[in-house]
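A short write-up of the structure that comes next.
What follows is the structure in structure tokens.
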């Protein structure tokens with residue numbers, strides 16, 4: 003029975019998640035008043051905390067939540083916070099979760115240092131807890147995330163991304179962190195490599211489905227109050243799966259004309275043109291079908307576990323991801 | 003007998019340093035062409051490699067250079083490269099070592115990601131080599147460096163820095179990395195905590211002397227072809243030791259007037275005014291005497307070792323640091 007809301011999904015670890023929230027806040031205390039100020043600003047925004055949720059659910063399913071699970075959850079949330087802050091500098095974003103972004107309020111200067119600081123604090127948690135297995139996973143993830151984004155920027159300039167490159171990019175920049183959450187959650191509770199491998203793959207497949215859905219929403223989403231507007235990727239010349247497929251299916255002439263529109267810097271008229279083009283050549287349905295394939299894989303990765311409330315929560319999270327409208 | 007030039011200082015580890023250079027280049031290979039391109043650009047600039055030099059000399063002095071010493075040297079150089087790239091974003095710097103900075107050529111976007119990438123690559127070296135002792139030292143250093151810079155920004159805005167805060171800032175933002183170089187070099191070769199502690203303190207004292215000298219040069223340096231111009235700190239409202247002392251010594255009236263000049267945003271006339279003020283109240287001599295105190299401490303930290311070519315090189319490096327003219 004699939005759970006329909008995030009509050010139902012959270013149920014098996016509700017107490018632990020609120021325990022985590024307390025610990026997490028405490029772990030960010032600093033003697034530097036500017037840091038205290040910014041940290042409080044970030045807490046006020048209350049993100050969905052999907053990553054700690056993944057760690058704790060994976061940990062519960064793999065053997066039970068313990069002290070290491072909490073450290074793992076804090077570690078990934080700190081890393082996630084660090085990358086969001088750096089991403090907002092990278093993208094020149096002015097808002098985040100409906101609040102002005104850190105770079106908008108405190109300038110790039112502070113945002114860059116703050117990201118480094120949060121990353122270091124996260125790594126220190128693992129060092130202090132002697133969670134060397136976490137460190138190995140997490141440092142590789144930091145490398146993959148930055149390398150994935152750099153690859154995307156590199157390819158975006160040339161407007162040539164094939165499906166293989168697309169998957170490499172989204173696997174590195176998005177799926178790697180979700181995969182790490184699930185792997186760390188499992189490692190906190192077991193040393194059974196089959197379980198750890200299954201949870202890692204679950205996270206990877208979930209992450210890929212998540213990013214494809216995100217990319218689809220750029221073409222079919224409704225205008226959002228918060229978050230990026232429809233066609234944002236097109237304006238930034240990011241070529242994602244729906245468009246890659248349409249470009250492959252379209253006749254040479256039309257293909258070239260669309261690429262010219264994107265290249266010259268799309269305004270609203272060009273965005274509409276590209277969206278119609280993608281729909282005409284079935285790019286949305288194709289991307290949808292691929293996303294479903296990855297969600298099926300993710301659900302299958304959980305089959306090694308007996309049915310349980312935690313397993314249902316993770317299955318529901320998969321459904322939640324691909325059905326979301328924003 | 004103090005060595006007068008960097009090439010003499012390098013002597014005891016000349017072969018190892020060139021071995022390091024080869025390994026370091028190799029360790030940065032990437033499949034992403036943009037990364038290859040930027041990495042080659044950085045190699046072309048040939049920094050002085052003071053930090054790997056410190057690691058290798060410390061290692062040689064503490065027991066002998068081995069595989070871990072090389073990994074330690076690569077680790078600190080990668081971390082240093084990462085922080086330089088991020089610092090140039092933080093400072094909006096347009097040049098670095100006489101070349102256009104990464105952010106100037108490839109924009110902030112790429113510079114932020116690249117810094118993260120180099121940091122991750124460095125940490126991965128330690129993870130792969132199972133140098134967990136290095137990881138513990140290095141993550142704390144990343145925290146200290148970012149926290150130190152954030153503290154400086156925080157205080158700069160308010161124009162109120164006392165001597166205690168000044169030392170906290172320079173210890174965190176500058177001395178921590180030099181201290182880490184020496185500690186990691188020692189740890190690579192010995193588990194004798196007395197030796198490790200002495201090398202750590204040597205690096206810390208060297209780093210503090212280095213930064214005080216750097217801050218003095220802002221008042222008495224000659225205009226440089228490369229690097230920051232005379233009075234750069236004053237224009238950025240950074241209050242450093244010579245000025246802190248002069249402000250303490252001057253009568254209330256004059257003190258207020260100087261602070262007003264700095265606050266309103268110093269042009270060349272105000273810079274000259276501040277420099278004269280600092281000289282009048284003996285700020286340069288005071289800072290000089292403090293720097294000397296720290297270099298004496300550093301040289302004393304080496305007294306636990308027998309005399310040797312490596313010890314002489316480290317002693318000479320200390321002299322080199324406080325006598326440098328730019």
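Chains as they are written, first to last, in the numbering used here: chain E, 3 to 328; chain F, 3 to 328. Even glycine gets a Cβ: it sits at the ideal position worked out from N, Cα and C. Owing to the predicted nature of the structure, the values given are computational and were not obtained by experimental measurement.
Nearest neighbour of residue i, chosen from the options [CA to CA]
| i | options | result |
| --- | --- | --- |
| residue 178/F | 260/F, 321/F, 78/F and 323/F | 78/F |
| residue 327/F | 220/F, 280/F and 80/F | 220/F |
| residue 42/F | 33/F, 88/F and 27/F | 27/F |
| residue 29/F | 209/F, 74/F and 193/F | 74/F |
| residue 63/F | 313/F, 321/F and 318/F | 313/F |
| residue 125/E | 97/E, 95/E, 96/E and 82/E | 82/E |
| residue 204/F | 51/F, 304/F, 142/F and 278/F | 304/F |
| residue 391/F | 94/F, 193/F, 96/F and 23/F | The structure shown does not extend to residue 391/F, since chain F spans only 3 to 328, so no value can be given for it. |
| residue 47/E | 97/E, 269/E, 253/E and 321/E | 97/E |
| residue 85/E | 53/E, 69/E and 321/E | 53/E |
| residue 25/E | 69/E, 236/E, 222/E and 258/E | 69/E |
| residue 169/E | 182/E, 206/E and 8/E | 206/E |
| residue 95/F | 265/F, 31/F and 234/F | 234/F |
| residue 239/E | 17/E, 223/E and 266/E | 266/E |
Close Cβ partners of residue i (< 7 Å) along its chain, the five nearest in sequence each way excluded
| i | result |
| --- | --- |
| residue 49/E | 99 |
| residue 71/F | 57, 58, 61, 187, 190 and 191 |
| residue 195/E | none |
| residue 40/E | 104, 108 and 116 |
| residue 175/F | 147, 150, 151 and 154 |
| residue 2/F | Outside the shown range of chain F, which is 3 to 328, sits residue 2/F, and nothing can be said about it. |
| residue 321/F | 4 |
Cutoff 6 Å; reference residue i; Cβ partners in own chain excluding five residues on either side
| i | result |
| --- | --- |
| residue 13/F | none |
| residue 228/E | Because the pLDDT at residue 228/E is just 49, under 50, the model does not fix this residue reliably, and the value given afterwards should be weighed accordingly. Excluding positions up to five away in sequence, the list reads 100. |
| residue 197/F | 64 and 188 |
| residue 311/E | 14 |
| residue 319/E | 11 |
| residue 87/F | 104, 113, 116 and 117 |
| residue 80/E | 120, 123 and 124 |
| residue 31/E | none |
Three-state secondary structure (DSSP) of residue i
| i | result |
| --- | --- |
| residue 313/E | helix |
| residue 227/E | Low per-residue confidence applies at residue 227/E: pLDDT is 48, beneath 50, and the placement is therefore not dependable enough to give any value. |
| residue 3/F | coil |
| residue 307/E | coil |
| residue 192/E | coil |
| residue 253/E | coil |
| residue 98/F | strand |
| residue 135/F | helix |
| residue 73/F | helix |
| residue 242/F | coil |
| residue 68/E | coil |
| residue 103/E | coil |
| residue 161/F | coil |
| residue 342/E | No answer is possible for residue 342/E: it lies beyond the span of chain E, which begins at 3 and ends at 328. |
| residue 232/E | coil |
| residue 283/F | coil |
Under 8 Å between C-beta atoms of residue i and residue j
| i | j | result |
| --- | --- | --- |
| residue 152/F | residue 119/E | yes |
| residue 263/E | residue 276/E | yes |
| residue 324/F | residue 297/F | yes |
| residue 300/F | residue 232/F | no |
| residue 116/E | residue 129/E | no |
| residue 111/E | residue 144/F | no |
| residue 202/F | residue 184/F | yes |
| residue 293/E | residue 214/E | yes |
| residue 127/F | residue 76/F | yes |
| residue 114/F | residue 34/E | no |
| residue 140/E | residue 172/E | no |
| residue 217/E | residue 243/E | yes |
| residue 4/E | residue 308/E | no |
| residue 134/F | residue 212/E | no |
| residue 44/E | residue 200/E | no |
| residue 254/E | residue 284/E | no |
Cβ-based neighbour list, residue i, same chain, cut-off 8 Å, excluding 5 preceding and 5 following
| i | result |
| --- | --- |
| residue 256/E | 279 |
| residue 21/F | 72 |
*Would you be able to state if there are at least three C-beta pairs under 8 Å between the segment 286-301 of chain F and the segment 244-251 of chain F?*
yes
*Taking contact to mean at least 3 C-beta pairs separated by less than 8 Å, is the segment 101-112 of chain E in contact with the segment 163-181 of chain E?*
no
*asked:* Would the segment 108-128 of chain F count as touching the segment 141-148 of chain E if we require 3 or more Cβ pairs under 8 Å?
replied: yes
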